[in-house]
Amino acid sequence: MPTVDDVLEQVGEFGWFQKQAFLLLCLISASIAPIYVGIIFLGFTPDHYCRSPGVAELSQRCGWSLEEELNFTVLSLGSANKASFLSQCMQYEVDWNQSTVDCGDPLSNLTANRSHLPLSPCQHGWVYDTPGSSIVTEFNLVCGDAWKVDLFQSCVNLGFFLGSLIVGYFADRFGRKLCLLATTLVTSLSGVLTAVAPDYTSMLLFRLLQGMVSKGSWVSGYTLITEFVGSGYRRTTAIMYQVAFTVGLVGLAGVAYAIPHWRWLQLAVSLPTIFFLLYYWFVPESPRWLLSQKRTTQAIRVMEQIAQKNGKLPPADLKMLCAEEDVSEKQSPSFVDLFRTPNMRKHTFILMYLWFTCAVLYQGLIMHMGATGGNLYLDFLYSALVEFPAAFIILVTIDRVGRIYPMALSNLVTGAACLIMIFIPHELHWLNTTLACLGRMGATIVLQMVCLVNAELYPTFVRNLAMMVCSALCDLGGIFTPFMVFRLMEVWQALPLILFGLLGLTAGAMTFLLPETKGVTLPETIEEAENLRKGKSKAKENKIYLQVQTGKPPEI
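With positions in the sequence shown counted from 1, the corresponding number in my numbering is that position plus 126.
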């Protein structure tokens, strides 16, 4: 009896039907980019200083320029035209409305030395130096409330983590297509609700909801396209689906530049996703899932549709279509199995660390560039563009060089780039940007390769569980990353880079402790996983690799 892969070999493994489905589903992958890293533009913190009643009127009466107004009335800017905590969060306790204030030197009548004047935290809000807006400027998320920006992004990653626990079951129980449509609908609605949220708390809840369902939308699209194509195209298709996410990053830079106001930007990236509901008529259910649910008639109908779109005749024995059987799946996986034997225990701890590290480095470098860069939009664009050569490097090296050496080298390059950035003067902005982009490329390579290595190191019956447990550290890393970046920068701007450098270098060193899996037969039992041996099982390797990918995406 033929399997889906057998039929696809005859009707087309990557024909017109698969190409159309691939392009449609890639739009979903691209649309997740604003959710994953939109904080760079939504939570942008411009230069700011305390709003003091009477200063605007005094400045108008005295005919001051903006520079003179800041020099006379804002802390520390009189001696150094550079933002600091004092200039941003503290103000002079002075009544600027009193008539004795002099236009030439307004503080001279009050004290001979302005450093002796009493200070107080900003009491009347802030003035922001930006033509646009962000959640920071609207909700005054600065100074004592700056941590709320970190929480805003952490809620997205918390949503990813919680959603991954639910969506996988939903997709397996009710189907990939229904999961795709349901999560797309909620993603779009929660995005719009975030844009119109009246206060910070409601915005936070909508953002959490969006994180919970958006990952399911991405995973469902990933699962569908990898189950539509033949085994020979799955790995390339999976990588290119992630490249579509990079296209979304590049597009986000342009949209954010054109729309500098956060509410309109949020609407611009959320409203179009409602059109993905039209996929109900253009993207069928996965025939593999239908077969797993004993819905053979519907699966045959989908395969006939694929054959028709590809201009091929369905095979004569199509009505005998059956699901692939894997007797090893009858074993019951247990969390304890991941730590039961010495090598699997070592692999599990190393992979958990690698997942955590690559999430911190990937998101952390994006946030650090956004907080310290010169041109926010160009810096973001440059760092997004380097993900294209990262995908090319993966495609070229994965079957020629292997997995371990490229992944270890990428970690080491990322860590070294972060440490070198500490010693680069701020004036050499181009060099800092180049190093940050180099680190971003390394983190991207690791983020995609660790998923493959994770799948190849475990026996079949526990492979999905191992992927879920280890990759959960990726979402946990994303929860903590905003606090690591922005709170450490308050202590010293380069402090996050020291942390990133240490994480990258240790991750690179630990990667060498993993066995090379290129050309190795995938293990079926714990004993085989403990003693990985060289072998050739290419077709099987491709099949299982993409099978486990459906539960957890590398990028988000």
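Backbone N, C-alpha and C fix where the C-beta goes; we use that ideal spot for every residue, glycine too.
A quick note: this is a predicted structure, and the numbers were derived from the prediction, not measured.
- Between the C-alpha atoms of residue 388 and residue 170 there is a straight-line separation of about 9 angstroms.
- If you compare the alpha carbons of 396, 265 and 606 with that of residue 312, the shortest gap goes to 396.
- Residue 431 and residue 261 have their alpha carbons spaced roughly 47 angstroms apart.
- For residue 277, same chain residues with a beta-carbon under 8 angstroms away, outside a window of 5 residues either side, are 330 and 608 in chain order.
- As summarised for the stretch 348–381, there are no continuous beta strand (DSSP E) elements at least 3 residues long confined to that stretch.
- Taking 3 residues as the shortest admissible run, the stretch 531–561 contains no complete beta strand (DSSP E) segment at all.
- When the Cα atoms are used, residue 281 and residue 399 turn out to be separated by approximately 21 angstroms.
- Three or more Cβ pairs closer than 8 angstroms define a contact, and the stretch 499–513 falls short of that threshold against the stretch 626–639.
- DSSP places residue 314 in the uninterrupted alpha helix (DSSP H) bounded by 302–321.
- Rounded to whole angstroms, the Cβ separation of residue 489 and residue 604 is 6 angstroms, and the two are in contact under 8 angstroms.
- Counting only residues of its own chain and dropping the five nearest sequence neighbours on each side, residue 462 has no CB closer than 7 angstroms to any other CB.
- Nearest to residue 289 by C-alpha distance, out of 318, 272, 299 and 336, is 336.
- Under DSSP, residue 413 forms no beta bridge with any residue.
- In summary, residue 286 is buried, with 16 or more beta-carbon neighbours lying within 10 Å of its beta-carbon over all protein chains present.
- By the Cβ-count criterion, residue 341 is buried, with 16 or more other Cβ atoms from all chains shown falling within 10 Å of its own Cβ.
- Taking a cut-off of 8 angstroms for Cβ pairs, the stretch 403–411 and the stretch 144–164 touch, as three or more such pairs fall below it.
- Inclusion of residue 302 and residue 412 in the CB contact set at 8 angstroms is warranted, their separation being smaller than that value.
- Two segments are said to touch when three or more pairs of C-beta atoms, one from each, lie closer than 8 angstroms; by this definition the stretch 578–585 touches the stretch 470–478.
- As the crow flies, the alpha-carbon of residue 186 is around 13 angstroms from that of residue 198.
- For a cut-off of 8 angstroms, the C-beta gap from residue 571 to residue 561 is around 16 angstroms, too long to register as a contact.
- For residue 474 and residue 518, the gap between their C-alpha atoms comes out near 28 angstroms.
- In the DSSP annotation of this structure, the continuous segment of the alpha helix (DSSP H) that includes residue 152 starts and ends at 142–157.
- The C-alpha of residue 622 is placed about 29 angstroms away from the C-alpha of residue 251.
- With a cut-off of 8 angstroms on Cβ pairs, the stretch 529–543 is in contact with the stretch 633–651, counting three or more such pairs.
- DSSP places residue 127 outside both helix and strand once states are collapsed to three, so it counts as coil.
- Closest in alpha carbon position to residue 530, among 160, 642 and 332, is 642.
- Here the alpha carbons of residue 618 and residue 544 stand approximately 15 angstroms from one another.
- Assignment of residue 176 by DSSP, reduced to helix, strand and coil, places it in the strand class.
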